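Working notes for the structure below.
2 protein chains.
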Amino acid sequence: MPKSETTLVKKREHKGLDKYETETTKDIEQRTYQLAKDIVEQIKTNRHPTFTTKVRGLSNIYFDENKKYIQLGDKKVVRPFLNLGAARKFMQTMLVNDKCNEYLKEGKTASIREIYYELKRTVANTKENTFDAQSESDEVIVDVEHAVSTIREKLGLHAESKGSLYGDITLKDLKHDNDVFNCNSLGRGGWSIMSRIEPEEVEIVDVNADFLLVIETAAMYNRLIEEKYAPKHNAILIGTGGQAARGARRLVHRLRFEYDLPVIVFTDGDPYGWYIYSVIKSGSMALAAHSKYLAVPDARYVGMTLTDVETYGLQNVTEKMKEGDIKRAKELMSYPWFQSKEWQAELKFAIDKKIRIEQQALANKSLDFVARKYLPEKIEKEIFL
Amino acid sequence: MPKSETTLVKKREHKGLDKYETETTKDIEQRTYQLAKDIVEQIKTNRHPTFTTKVRGLSNIYFDENKKYIQLGDKKVVRPFLNLGAARKFMQTMLVNDKCNEYLKEGKTASIREIYYELKRTVANTKENTFDAQSESDEVIVDVEHAVSTIREKLGLHAESKGSLYGDITLKDLKHDNDVFNCNSLGRGGWSIMSRIEPEEVEIVDVNADFLLVIETAAMYNRLIEEKYAPKHNAILIGTGGQAARGARRLVHRLRFEYDLPVIVFTDGDPYGWYIYSVIKSGSMALAAHSKYLAVPDARYVGMTLTDVETYGLQNVTEKMKEGDIKRAKELMSYPWFQSKEWQAELKFAIDKKIRIEQQALANKSLDFVARKYLPEKIEKEIFL
Numbered sequence: 066m067p068k069s070e071t072t073l074v075k076k077r078e079h080k081g082l083d084k085y086e087t088e089t090t091k092d093i094e095q096r097t098y099q100l101a102k103d104i105v106e107q108i109k110t111n112r113h114p115t116f117t118t119k120v121r122g123l124s125n126i127y128f129d130e131n132k133k134y135i136q137l138g139d140k141k142v143v144r145p146f147l148n149l150g151a152a153r154k155f156m157q158t159m160l161v162n163d164k165c166n167e168y169l170k171e172g173k174t175a176s177i178r179e180i181y182y183e184l185k186r187t188v189a190n191t192k193e194n195t196f197d198a199q200s201e202s203d204e205v206i207v208d209v210e211h212a213v214s215t216i217r218e219k220l221g222l223h224a225e226s227k228g229s230l231y232g233d234i235t236l237k238d239l240k241h242d243n244d245v246f247n248c249n250s251l252g253r254g255g256w257s258i259m260s261r262i263e264p265e266e267v268e269i270v271d272v273n274a275d276f277l278l279v280i281e282t283a284a285m286y287n288r289l290i291e292e293k294y295a296p297k298h299n300a301i302l303i304g305t306g307g308q309a310a311r312g313a314r315r316l317v318h319r320l321r322f323e324y325d326l327p328v329i330v331f332t333d334g335d336p337y338g339w340y341i342y343s344v345i346k347s348g349s350m351a352l353a354a355h356s357k358y359l360a361v362p363d364a365r366y367v368g369m370t371l372t373d374v375e376t377y378g379l380q381n382v383t384e385k386m387k388e389g390d391i392k393r394a395k396e397l398m399s400y401p402w403f404q405s406k407e408w409q410a411e412l413k414f415a416i417d418k419k420i421r422i423e424q425q426a427l428a429n430k431s432l433d434f435v436a437r438k439y440l441p442e443k444i445e446k447e448i449f450l
Numbered sequence: 066m067p068k069s070e071t072t073l074v075k076k077r078e079h080k081g082l083d084k085y086e087t088e089t090t091k092d093i094e095q096r097t098y099q100l101a102k103d104i105v106e107q108i109k110t111n112r113h114p115t116f117t118t119k120v121r122g123l124s125n126i127y128f129d130e131n132k133k134y135i136q137l138g139d140k141k142v143v144r145p146f147l148n149l150g151a152a153r154k155f156m157q158t159m160l161v162n163d164k165c166n167e168y169l170k171e172g173k174t175a176s177i178r179e180i181y182y183e184l185k186r187t188v189a190n191t192k193e194n195t196f197d198a199q200s201e202s203d204e205v206i207v208d209v210e211h212a213v214s215t216i217r218e219k220l221g222l223h224a225e226s227k228g229s230l231y232g233d234i235t236l237k238d239l240k241h242d243n244d245v246f247n248c249n250s251l252g253r254g255g256w257s258i259m260s261r262i263e264p265e266e267v268e269i270v271d272v273n274a275d276f277l278l279v280i281e282t283a284a285m286y287n288r289l290i291e292e293k294y295a296p297k298h299n300a301i302l303i304g305t306g307g308q309a310a311r312g313a314r315r316l317v318h319r320l321r322f323e324y325d326l327p328v329i330v331f332t333d334g335d336p337y338g339w340y341i342y343s344v345i346k347s348g349s350m351a352l353a354a355h356s357k358y359l360a361v362p363d364a365r366y367v368g369m370t371l372t373d374v375e376t377y378g379l380q381n382v383t384e385k386m387k388e389g390d391i392k393r394a395k396e397l398m399s400y401p402w403f404q405s406k407e408w409q410a411e412l413k414f415a416i417d418k419k420i421r422i423e424q425q426a427l428a429n430k431s432l433d434f435v436a437r438k439y440l441p442e443k444i445e446k447e448i449f450l
């Protein structure tokens, strides 16, 4: 963990990419092609066309105790074409797979809403639409991800972008004139994190930092920039603006695994904030198949905690938890990755006291308290939950 | 309006700042000091302490037909201290005014949530809190803005930051090592727009563009970057990510008035999108006093419109309006700044047909349709609503 006196400007060497990160666009394109080719072969040889994807849902999701993240199991499901209930979905899958193949060949990308609109049409001589709602294409995208064993970003797809990056980190955008820029030199705004941070598109050229601080609220991100927290403590800052978008999560993951950068998460002290931490650390059930691309199992949680309320005398600035918060806290208590006795105690305390504490409540001490005392003290002494 | 053949790289000269933009931090600090000093004088001379601010609410809001934006009228209200119903608010106003004075003296800034937390405490020897909810301090901040005739940003306060900036525009952050950066060289993410874009903090050094395109969705902002729309059509892009945050609005305003950059707005074709346009163009009722800092009365609206649905054959990708959308459309119809016959027709059509059309629905033609045909054609021919 960072100690400012010993690590003033530490340059982190690039460790290289994990195997699944080095798959090229060509590799993935080939697999989408193969999926379609298999169907054609089946038809040519008079077999019923089918393809295989993975079972989703709780029955096939588990917490991998070795890897310390959520995983999708091996249960497979065969999707047939010649079945009244399945034919529509089969058709949709072929359309999405074909379109992704086209994106990869042409070097295009699209948002998941765009591919829905791009593929939506009325099938000739019928009143049937290819898709009636984005929820249908979203479902099928997951099938394709599983069928070709990759993530949507590597299929040319992406969700909305959100979040900002600040600190002594140099990036190169290989798809935009090889722009090279250092996120310490973009004023106090920082860099607007793209929805796609794949290694074949964005290279992390250099990182001079001891750790990465992931911050829930834009206001706290701004606060720490104003207080010069990043240069003083040799930190990179990512403001996620609430639940982290996939692009921000990919960036956190890459910084951890390509540069060995310790990841510390700083959220509001409430079930919503703790869940943000949980998703960064252990992945999510919705994206159980993709934890290896997204999760950071050794991420640490610095705060806010309800213990902080006592330690720092913040009793006057707690807020009441709503019913929804309490329900959410009970859910968190049941997750395998919240079973440590410290987390169980924290969650139980929250449920009993029905209070929550926001990051910005630290301003009650003074605006610079978070940067001058709270974070340095907790991180130095490794007071993590 | 921009014609690409004649204006390939047009350098826009800085026109200078409007008078109200050149007020220094010192000027504003002086006014907050004067407000407090007047109260002290009143007390010393045994008068009842009062201060004067402006009446808010519909009775004092009007649409200024000359300036073409929403204004707050001249009705004033005197806030007394020696009044059981008003004493608490008076005390709160003094606290906020004092804290803003401190921020300005010390060169600090705070989010409106931080100032709430910073000032929240139990008054000595009582059970009374200075503030019980942020809504109280938010109200008082408006009183102080009016009492000292400025905007919160110039008082050291700000809301959450949101939005991204892309294109050949060079900024200098005077409060961050005088960083100079060009938003065309930050990869495809662009610059994360700060919550504060005041001239005394952020200088717009240079702009090479023919117009500014303000875009509602992050996905469309990404699309236009991928299609190289900005360099091809000499545009600056701002993605607001929904309703524009104050920082983004200030930046749009400054680009219009400091660099004469025409502003074109591109949103979803629905009451929510049209309202985003309306706020950028005419200001909002909540911020009626601040339109001169925020509104851009000659902003033009390029789309989406329901006429586009016919023109570009998008019938298959419209969505149904919900009850709330229809109600909102009826409200828009009643606003003085939506009284042109074209807007009335558009709104009536929306209400009758109960349909809406999203920006991303243009992907139904092809991903690059928006950048290759839709925007160039409509902007070239000035097909604005």
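Heads up: the sequence lines are chains A and B, in that order. Per our numbering, residue 66 is the first one in the first sequence, and the count goes up by one each step. Per our numbering, residue 66 is the first one in the second sequence, and the count goes up by one each step. The beta carbon of each residue, even a glycine, is placed where N, CA and C say it ideally should be. Keep in mind that this is a model prediction, so the values were computed, not measured.
Can you tell me which of A:296, A:413 and A:387 puts its alpha carbon nearest to the alpha carbon of residue 399 of chain A? A:413
Three-state secondary structure (DSSP) of residue 308 of chain A: coil
At what residue ranges does the region 305-378 of chain A contain a whole run of the alpha helix (DSSP H), taking only runs of 4 or more? 311-324, 336-347, 356-359 and 371-376
Kindly provide the ranges of any beta strand (DSSP E) runs that are 3 or more residues long and lie completely inside the region 92-147 of chain B, ordered along the chain. 115-119, 126-129, 134-137 and 141-145
Is residue 223 of chain B helix, strand or coil when you go by DSSP? strand
Integer-rounded CB distance, given that residue 164 of chain A should sit under 8 Å from residue 429 of chain B: Actually they do not touch by this definition, with Cβ atoms about 13 Å apart.
Just verifying my parser: in three-state terms, what is the DSSP assignment at residue 258 of chain A? coil
With a threshold of 6 Å on Cβ separation, who are the neighbours of residue 426 of chain B within its own chain once the five nearest residues in sequence on each side are excluded? 379 and 382
State buried or exposed for residue 336 of chain A, treating a residue as buried only when at least 16 other CB atoms are found within 10 Å of its CB. buried
Can you list, in chain order, the residues of its chain with a C-beta nearer than 8 Å to that of residue 194 of chain A? Leave out the 5 residues immediately preceding and following it. 185, 186, 187 and 188
Per-residue contacts from residue 202 of chain B into chain A (C-beta, under 9 Å): The contacting residues do not exist; residue 202 of chain B stays about 12 Å from chain A at best.
Any chain B beta carbon closer than 9 Å to residue 236 of chain A: yes
Starting from residue 385 of chain A, follow its DSSP beta bridges and name the residues at the other end. A:420
Counting only Cβ-Cβ distances shorter than 9 Å, please list the residues of the region 411-428 of chain B near chain A, keeping chain order. 423, 425, 426, 427 and 428
Taking DSSP as the reference, what is the three-state secondary structure of residue 164 of chain B? helix
Please classify residue 349 of chain A as buried or exposed, where buried requires at least 16 other C-beta atoms within 10 Å of its C-beta. buried
Contact with chain A by residue 253 of chain B, beta-carbon distance below 9 Å: yes
Using 8 Å as the threshold, is the region 98-117 of chain B in touch with the region 150-160 of chain B, meaning 3 or more CB pairs across them? yes
Alpha-carbon to alpha-carbon, residue 314 of chain A and residue 362 of chain A: 13 Å
N-terminal and C-terminal residue of the beta strand (DSSP E) that residue 237 of chain B is part of: 234-238
Cα-Cα separation, residue 445 of chain A to residue 92 of chain B: 42 Å
Measure from the C-beta of residue 267 of chain B to each C-beta in chain A and report whether the shortest distance is under 9 Å. yes
Measure the C-alpha to C-alpha separation of residue 207 of chain A and residue 269 of chain B and round it to an integer number of angstroms. 44 Å
Can you tell me where the beta strand (DSSP E) with residue 247 of chain A in it begins and where it stops? 244-247
Please list, in chain order, the chain A residues whose beta carbon lies closer than 9 Å to that of residue 244 of chain B. 249, 250, 251, 252 and 253
Can you have a look at residue 405 of chain B and say buried or exposed, based on whether 16 or more other CB atoms are within 10 angstroms of its CB? exposed
From which residue to which residue does the beta strand (DSSP E) around residue 273 of chain A run? 267-273
Check whether the Cβ atoms of residue 304 of chain A and residue 280 of chain A sit closer than 9 Å, and answer yes or no. yes
Quick one, which of A:370, A:441, A:416 and A:359 has its alpha-carbon nearest residue 83 of chain A's? A:359
Could you name the residues of the same chain whose beta carbon sits closer than 8 Å to that of residue 256 of chain B, not counting the 5 residues immediately before and after it, in chain order? 229, 230, 231, 236, 246 and 248
Chain E contacts from the region 159-188 of chain B (Cβ-Cβ distance under 7 Å): Here the protein chains are A and B, and chain E is not one of them.
So is residue 200 of chain B buried or exposed if we call it buried at 16+ other beta carbons inside 10 Å? exposed
Report the rounded CA-to-CA distance for residue 265 of chain B versus residue 90 of chain B, giving the unit in angstroms. 8 Å
Mind listing which residues of the region 130-160 of chain B have their C-beta closer than 9 Å to chain A's C-betas, in chain order? none
Assign residue 231 of chain B to one of three DSSP states: helix, strand, or coil. strand
Taking C-beta pairs closer than 8 Å, name the residues in chain A that residue 298 of chain B reaches, listed in chain order. Within 8 Å Cβ-Cβ: nothing; residue 298 of chain B doesn't reach chain A, min ~17 Å.
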